[in-house]
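Q: Before I ask anything, here is the structure I am working with.
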Amino acid sequence: MFYETVIISFIVGILSLFAIGVQKNNLHALILTDLLECSLLCIIAAVGTDLAEALILPGLVVSMAEILAIAEVLVVREKVRGKKLNDFKINFDLEILRTSPLFISIILVIYGAILSGFTGGAVIASGLLYYFFCKRVLGENIINRVKWVGICGFSGIAWSLWIVGFLGFYLFPKYWLVFLLFAGLGLVIKVCSKLGLLGMAE
Amino acid sequence: MIGKIWNYLSKPELVPRLFAITLAIVFIFGLFWPIYKDNNQLYPKPEYHSQALKTPLAPYDRSIVKAQYPQYLPDLGKITSYLTPIAIFIKDRTLFFGTTIVSTPGGILDEILYYTRGMDTVLESSILLVAFIIFTWLYWNRERD
Amino acid sequence: MIDGGIFGIVPFGDIIFKYSMFSTIGFVIAITFTILVYLTKPEKQLEAQKFGEDKLIDIPLHELKNRRYMAIVCGIATAGAMLTQDIFDFALFLTLVGIANIGIVSAVKREHVLNASFQYGLTSIIATLPLFGASALILAKTGTLSILELHHLNKNLLFEKILYGLGMAGETGVAPYYAAKAEMFRAPGSPYILMIHLSSLLLIVRTVEILLTI
């Protein structure tokens with residue numbers, strides 16, 4: 001199965017590379033790079049060991065992070081050029097948008113806390129995303145610089161907690177359990193706060 | 203003639219396109235290159251479905267973790283075997299614990315991510331951090347001159 | 348091994364950081380320049396005007412801080428990339444350097460600079476495919492990612508090496524081109540831009556060493 005998977009992801013890669021080479025629109029090129037990442041993940045997954053399964057996560061996060069940064073650069077460039085960007089404004093007035101977000105997000109946060117680890121962080125983040133999206137559609141102003149910087153700082157502390165956990169495994173191998181819990185806790189907070197911030201941004 | 207080509211190449215928009223097309227041609231050659239998988243791999247997976255309905259941790263029940271340099275890893279295997287109280291509670295009641303997403307700070311993936319190849323994840327989170335700083339900085343300075 | 352005698356290793360599990368003759372020199376250079384970048388004050392720039400007086404452009408503090416931070420991250424990542432003995436880890440270091448370079452270039456609010464930054468970012472996203480793809484193919488073919496182990500195995504890895512080299516070229520190799528395109532030498536806050544050139548140079552040399560070793 002390895003050969004077939006790699007050949008198919010090569011073909012996907014070749015087609016999307018040609019597509020990037022041919023088209024003229026910058027935004028389309030950015031979207032097409034997502035397709036490249038798919039073929040990259042397929043090549044890694046084709047190896048099919050536990051190691052490959054663990055390597056998928058860095059590959060995915062790297063591509064996500066780069067697309068996040070580049071997309072913002074593109075937005076700022078268009079602003080500097082003086083183009084008017086289309087505002088994403090929808091005026092829904094559904095009742096469910098007013099009543100559901102708090103309930104669903106609390107359920108998802110509790111569920112995520114039970115799950116713990118990376119998946120737990122992602123579940124908590126999806127709860128926060130749903131909450132912020134609903135608020136935004138209703139037209140409430142949720143962006144606040146102080147709040148933003150606060151969550152950023154929180155996320156940074158979680159990140160350093162995770163680094164301390166990693167170093168602790170090697171410096172004090174006897175107390176591995178403590179550092180394992182450090183790393184697990186750091187990971188949950190890091191993932192959920194970063195994705196939650198994305199929900200707040202416009 | 204050459205001057206014209208150089209001038210044409212000096213547009214920054216052109217480099218990603220040329221790079222993409224070059225890569226595509228290299229990948230076309232790659233289709234004819236012998237691609238195979240060696241059977242002697244690190245961190246191997248067991249046979250498919252060999253653990254199903256036998257252990258609640260299936261498909262992540264590993265007795266031996268085969269790392270690259272076990273001599274530098276004093277706690278190898280301990281992180282895999284650690285389960286949180288909630289995980290133990292679920293494990294005692296169902297045979298499908300391994301297929302749920304109730305992850306624990308332990309587990310085979312987390313041993314590779316936190317411990318044996320922890321540096322990868324440190325770098326990966328640093329990349330996300332730097333990307334986030336760029337995003338945040340540009341976002342809050344959009345309106346400023 | 349072409350990197351001279353070994354002084355010592357720092358093992359982080361499977362990923363080993365090795366201080367050899369070659370890597371120590373690269374490490375020291377990268378760290379020295381990082382400290383220099385941290386200490387230097389950015390230059391003020393005198394912009395010639397077509398009509399009227401020339402004007403002196405000052406750099407606002409918030410812009411300076413961001414760019415200095417990115418330059419320091421870039422320097423530390425370069426220093427780490429000199430030491431690591433694992434191809435996947437090295438690929439991640441390259442990506443970190445690449446994204447820090449984007450951060451340095453993108454902190455100026457001018458159209459041509461932002462355009463160069465965007466195109467560089469596009470190139471570096473495209474380059475992750477050959478970089479990580481080649482690492483995965485090497486892992487499949489040899490069963491290991493460690494450079495020290497790959498040195499002993501005699502397998503034909505020509506295509507994978509070409510892919511890896513191309514990935515490096517797209518990730519950091521083209522960075523000086525875009526830095527020059529953005530005319531960042533003239534742009535305010537020049538010293539940080541030198542980090543892009545230094546990291547690109549050091550990483551190219553290191554990649555050649557890796558590709559010759561495995």
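Chains as they are written, first to last, in our numbering: chain F, 1 to 202; chain B, 203 to 347; chain V, 348 to 561.
Yeah, the Cβ is synthetic: ideal placement off N, Cα and C, and Gly gets one too.
Every value quoted in this text rests on a predicted model; they were computed, and no experiment measured them.
1) Closer than 8 Å by beta-carbon distance: list the chain F residues that pair up with D263(B), in chain order.
2) Let me make sure I understand the geometry here. Which of L244(B), A254(B) and R344(B) has the alpha-carbon closest to that of L297(B)?
3) Spell out whether any CB of chain B is found under 7 Å from the CB atom of G199(F).
4) Cβ atoms of G196(F) and L128(F): under 7 Å apart, would you say?
5) Taking only three categories from DSSP, how would you classify P272(B)?
6) Using the DSSP secondary-structure output, state which residues sit across from Y341(B) in a beta bridge.
7) Using 8 Å as the Cβ pair cut-off and three pairs as the minimum, do the segment 367 to 375 of chain V and the segment 102 to 121 of chain F touch?
8) In chain F, which residues lie less than 8 Å from I423(V) when you measure between Cβ atoms?
9) Flag this pair as touching only if the segment 276 to 292 of chain B and the segment 176 to 183 of chain F have three or more C-beta atom pairs under 8 Å; answer yes or no.
10) Who are the near neighbours of F437(V) in its chain, counting only those whose CB is closer than 7 Å to its CB and skipping five residues on each side?
11) Closer than 8 Å by C-beta to L513(V): which residues in its own chain qualify, once you throw out the five before and the five after it? Chain order, please.
12) For chain F, check one thing: does any of its Cβ atoms lie closer than 7 Å to the Cβ of F364(V)?
13) One question on the structure: do K190(F) and W159(F) come within less than 7 Å of each other, judged by their Cβ atoms?
14) Contact between the segment 308 to 317 of chain B and the segment 413 to 423 of chain V is defined here as three or more beta-carbon pairs at a separation below 8 Å; is this criterion met?
15) Can you check whether the CB of G480(V) is closer than 7 Å to the CB of T318(B)?
16) Pull up the distance between the alpha-carbon of I230(B) and that of V12(F), whole angstroms please.
17) Note down the Cα distance separating F532(V) from F10(F), rounded to an integer number of angstroms.
18) Alpha carbon to alpha carbon, how far is G351(V) from F506(V)? Give it in angstroms, no decimals.
19) Classify W339(B) as buried or exposed, calling it buried when 16 or more other Cβ atoms lie within 10 Å of its own Cβ.
20) Give the interface partners of P173(F) over in chain V, defined as CB-CB distance under 8 Å, in chain order.
21) Are the C-beta atoms of Y3(F) and some chain B residue less than 7 Å apart?
22) Report the neighbours of S471(V) on chain F: residues whose CB is nearer than 9 Å to its CB, in chain order.
23) Name the chain F residues whose beta carbon is nearer than 8 Å to that of I266(B)?
24) Run the CB neighbour count on M515(V), radius 10 Å, all protein chains shown included, and call it buried at 16 or more, exposed below.
25) Any idea which residues DSSP pairs G355(V) with across the strands?
26) Between which two residues does the alpha helix (DSSP H) carrying S482(V) extend?
27) What did DSSP end up calling T286(B) once you bin it into helix, strand or coil?
28) On the criterion of 16 or more Cβ atoms from any shown chain inside 10 Å, does K293(B) qualify as buried, or is it exposed?
29) Which residues share a DSSP beta bridge with S493(V)?
30) Which of helix, strand or coil does DSSP assign to T560(V)?
31) Which of helix, strand or coil does DSSP assign to N501(V)?
32) Using a Cβ-Cβ cut-off of 7 Å (strictly less than) and excluding sequence neighbours within five positions of S116(F), which residues of its own chain qualify?
33) Assuming R414(V) and Y385(V) make a contact with CB atoms under 8 Å, what is their CB distance in whole Å?
34) To which residues of the same chain is E410(V) closer than 6 Å at the C-beta, ignoring the five residues directly before and after it?
35) Going along chain F, which residues have a C-beta under 7 Å from F479(V)?
A: Let me spell this out:
1) Simply none; closest approach about 12 Å.
2) A254(B)
3) no
4) yes
5) helix
6) None, per the DSSP bridge assignment.
7) no
8) Ordered by position in chain F, no residue passes the 8 Å Cβ test against I423(V), which lies about 13 Å from the chain.
9) yes
10) A428, T431 and I557
11) A474 and P477
12) no
13) yes
14) no
15) no
16) 11 Å
17) Because F532(V) carries a pLDDT of 49, less than 50, the predicted location of this residue cannot be relied on, and the following value inherits that uncertainty. Approximately 39 Å, taken between the alpha carbons.
18) 27 Å
19) buried
20) By Cβ distance, chain V contributes nothing, its closest Cβ being about 11 Å from P173(F), past 8 Å.
21) yes
22) E66 and I70
23) Under the 8 Å cutoff, chain F gives no residues; its nearest Cβ is about 12 Å from I266(B).
24) buried
25) Y366(V)
26) E458 to T489
27) coil
28) buried
29) D433(V)
30) helix
31) coil
32) G184 and V188
33) No, R414(V) and Y385(V) are not in contact; Cβ-Cβ is about 12 Å, not under 8 Å.
34) A454
35) L40, I44 and G59
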